[in-house]
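The sequence shown maps to residues 1 to 234 in UniProt numbering.
For glycine and all other residues, C-beta sits at the position ideal for the given N, C-alpha and C.
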Amino acid sequence: MTAVLVVDDDVSLARALGINLRAHGYDVTTVHTGRHALDAVARRHPDVVLLDLGLPDMDGVDVLAGIRGWSATPVVVLSARADSAEKVEALDAGADDYVTKPFGMDELLARIRAAARRGAAVPVADDSPDVVVTADWTVERSAHRVTREGRPVRLTPTEWSLLDVLLRHAGKLVPGRTLLGEVWGPGYQDQSGYLRVYVAQLRRKLEPDPARPRYLFTEPGVGYRLEVPAAPGR
């Protein structure tokens, strides 16, 4: 059964879509905010996301960018924004398709089928470099080695695993549930306290001023993002 995540702040429309899609054999989850959408993608790994751009807490394009930071889940944008520039922005951000409201159910079903055929949710390929050099620290991933000012930084296995996941998605928002699942396993995806503790430990070891992060940022209620600007002169 194809799993579809419907993201729309119009509760009535989301409910109607859910009823219609279930009648056609789809497994449907509906949410109404961007933060809940990111959490649902991490939690449920849907086969297709139907994403409205006009959400109350986040712009839909930002939600799309958050999904694309770590997942290739097909995303079909549903929006009343008919301007071509809006469509181009969404498609450039990684949308697989764009459907303008109002739309016919038959057309939407065809778009969902086409999106589902393009592939299930899979992680974005790891094309990050083996050696990462910043102004304050250097990581050699294959050697599991971190140095700061020429001296080794001792990381626990869990700290290393967390850092490596963030490095694989450097510059992109990684949902907390995704980090928990990759580092600790599927049974730990609700243990957000683990992340707070270990992110704080990484900041103490890597940040010049842990209270004012330069590299490891928290996106409250959503996840974490690691920025790795190159060292001066590189």
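Could you check what DSSP says for residue i in three-state terms: helix, strand or coil?
| i | result |
| --- | --- |
| G150 | coil |
| A121 | Confidence at A121 is low in this model, with a pLDDT of 37, below 50, so its placement is unreliable and no value can be given for it. |
| D59 | strand |
| G66 | helix |
| A3 | strand |
| L155 | coil |
| V206 | The sequence as given places Leu at residue 206; Val does not occur at that position. It is helical. |
| L53 | coil |
Please tell me whether residue i and residue j are closer than 9 angstroms, where the distance is taken between their beta carbons.
| i | j | result |
| --- | --- | --- |
| V91 | R44 | Before going on, a small fix: residue 91 reads as Leu here, not Val. Their beta carbons are not under 9 angstroms apart, which means L91 does not touch R44 by this criterion. |
| V75 | D106 | no |
| Y215 | L195 | no |
| T29 | A40 | yes |
| V48 | V77 | no |
What residue range does the alpha helix (DSSP H) around residue i cover?
| i | result |
| --- | --- |
| A40 | G34 to R44 |
| residue 235 | Since the displayed the chain opens at 1 and closes at 234, residue 235 lies outside it and no answer follows. |
| Y224 | Not the alpha helix (DSSP H): Y224 falls in the beta strand (DSSP E), residues G223 to L226. |
Measuring alpha carbon to alpha carbon, tell me which residue in the options is nearest residue i.
| i | options | result |
| --- | --- | --- |
| I112 | E207, G221, K205 and H24 | H24 |
| E182 | K172, L173 and D164 | D164 |
| A72 | M58, A115, R151 and A143 | A115 |
| R177 | G18, L167 and S192 | S192 |
| A93 | F103, G104 and G69 | G69 |
| K172 | L226, L53 and L180 | L226 |
| R203 | P229, L155 and G185 | L155 |
| R148 | T158, D136 and L21 | D136 |
Per DSSP, residue i is paired with what?
| i | result |
| --- | --- |
| V131 | E140 |
| D27 | A3 |
The beta strand (DSSP E) spanning residue i covers which residue range?
| i | result |
| --- | --- |
| Y98 | D97 to T100 |
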